[in-house]
Amino acid sequence: MTHFQKTAIIPRVISRILYLPIETIARELDANLLIAHEALKRGYIIVLGEKREVQRYARELGGGVYIYKHWEALFPYRFGDERRKHFFYAGSHQEGVVYIDDTFFLRRGIEQNKTHLLDVYFARGKAQEALLKRAYPLLESVVEVTGSPSFDILRDQYRTIFQERCELLSRTWSPFILVNTNFTAGNKTPHEVEDVLVEREKSSVKNLGRSLTENEKSFFLGLATYKERLFQEYVAMVRALSVRFSDTNIIVRPHPSENHLNWRRELHGLKNVRVIYSGNVIDWILASKAVIHTGCTTGIEAWAVGKPVLRYNPLGKSSEYESELPNKFGRYFATIPELEVAIKNIGADNKSTDSFVMQGDFLKPYMDSVSGELATVRELDSIERRGDIGPKLVYEDIVRNYRTFVRSLRIIIKRLAYALFRHPSITRFLLGRHEAALRASRLQKFPYLSRRYISRMLRKFEMIDSMKPRGLRFVRIDVNTYIMTVTDTV
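So the number in our numbering is just where the residue sits in the sequence shown, counting from 1, plus 20.
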């Protein structure tokens, strides 16, 4: 029995509950809102927000469906905990289809003695499914191919959700070239002051339950060196392009885990260059003239929405330290002069001339939802087919418990503290440099989740699906976490 079943209220609507934790707003929010939209149609209560807050409220509520990255430590309870039986755990690999190679994926992407204890593991494509089942037969019963909700929102039918933001970016920055980077290992955030192997060792023990092997230590040292070199090469490239295309803006969008301050220092003084990390990357891709990357999911996303994809890597066309799949899309350039010619020759409509049909066929085994049924629908169908998915709760009961004076006051105080600690100088003074850097890194990934944005996005999804407006009801239960339901379903 859950805590909130004790409340003496006659139930109006009894619903299953779905938890959608988020680590990085820019990368995960829109796809999770699409999942929420589909789940609301099916009558679920949704808890959506910052990952640590959602995990905490899942424990309070006592059960339900929890969709997140597959690591055991990220779910409300460990797999062997008695309280875990009240939850349905749905996991997937955190990097989707972009990982260095199969060996790396199997060694670092799976908890060998635990992943099969998930209720379902969502594979992105048939290639990933076959790899998992071949390597770990115990996963046979839990792996299911669904694709990814992150690719659902790239489809033509959902393109309008980006239109307003895309037009704003176009008015502000166009014409611009988007440079998307993924150099975290060589461009660390300020709080990562320890040796790279010490950091990796901590992560391995926490997520895999074991220490690094000697081969892994050697690999991670090489990875850090490689990414550091790429960082310097990209700095040089951006400087060159800023001169060559002085009438075009260059927007550098680093990975959320990179040190963005390093980029700003290196590119300071270049009038047509900005380092910006805000909003969904799809907004920026759609508004851009072209996308430059190497080894990033952005390469696939830019292809999917029809933008020219330019892969720049002077260190070589292939590398043991980069994912192969995203580098299959677009065109490769090893030198700055070659890249400059390609940019100069981009058509006035900023459309790619690559063979999308051919590359789409290539992508299908790795990302099954590039066509066919939406991954969002497949995931929820899979969950519901697999039987018991946790207790049913009453929205009014939950909200009544969270609308007490004490809880409301606590949220107000936490929001004030959250706003205060957004200022680095105040945080450094009160908590010290290390804690200030750590909090800045978290804010970089999760700045703020607004009620207005959630409401607008869910309304847009309703319009796209030609649905009449539903009675959307939702309440803030923490600084960045909301609980929501609808008064009627379709």
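For each residue, glycine too, the CB sits at the ideal point set by N, CA and C.
Non-local C-beta neighbours of K146 in its own chain, meaning closer than 7 Å and more than five positions away in sequence, comprise V165, P385 and D388, ordered along the chain. Residue K208 holds the alpha-carbon nearest to the alpha-carbon of P276 among F494, K208 and Y156.
By the criterion of at least three beta-carbon pairs nearer than 8 Å, the segment 395-405 is in contact with the segment 166-174. With fewer than 16 other Cβ atoms from the protein chains shown falling within 10 Å of its own Cβ, E404 counts as exposed. For E344, the closest alpha carbon among the candidates L330, G315 and T192 is that of G315.
Taking C-beta separations shorter than 6 Å and ignoring five residues to either side along the sequence, the partners of L38 in its chain run A59, Y64, I66 and V85, following chain order. Counting the other Cβ atoms within 10 Å of the Cβ of P346 gives 16 or more, which makes it buried.
In the DSSP annotation of this structure, the continuous segment of the alpha helix (DSSP H) that includes E286 starts and ends at H280 to E286. DSSP, read as helix, strand or coil, puts V325 in coil. Membership of I433 in the alpha helix (DSSP H) is indicated by the continuous run F425 to L440. DSSP places I363 in the helix class (H, G or I) of the three-state scheme. Taken through DSSP and simplified to helix, strand or coil, A110 comes out as strand. Shown here for D50: same chain residues with a beta carbon closer than 6 Å to its own, the five before and five after excluded, namely I173 and N300 in chain order. Its Cα nearest to that of G326, the residue A310 stands out among D408, A310 and L335. R62 and G452 have their C-alpha atoms some 47 Å from each other. Using a Cβ distance threshold of 7 Å, E73 and T505 do not count as a contacting pair.
Every beta strand (DSSP E) of 3 residues or more that sits fully in the segment 194-279 is shown, in chain order, as 196-200 and 269-273. Annotation for H313: the continuous beta strand (DSSP E) segment containing it runs A310 to H313. By the criterion of a C-beta distance shorter than 8 Å, P489 is surrounded in its chain by R479 and E482, once the five residues flanking it on both sides are discounted. The beta-carbon distance between F95 and Y88, rounded to whole angstroms, is 7 Å. This is short enough to meet the 8 Å contact definition. It is roughly 7 Å from the alpha-carbon of L241 to the alpha-carbon of L217.
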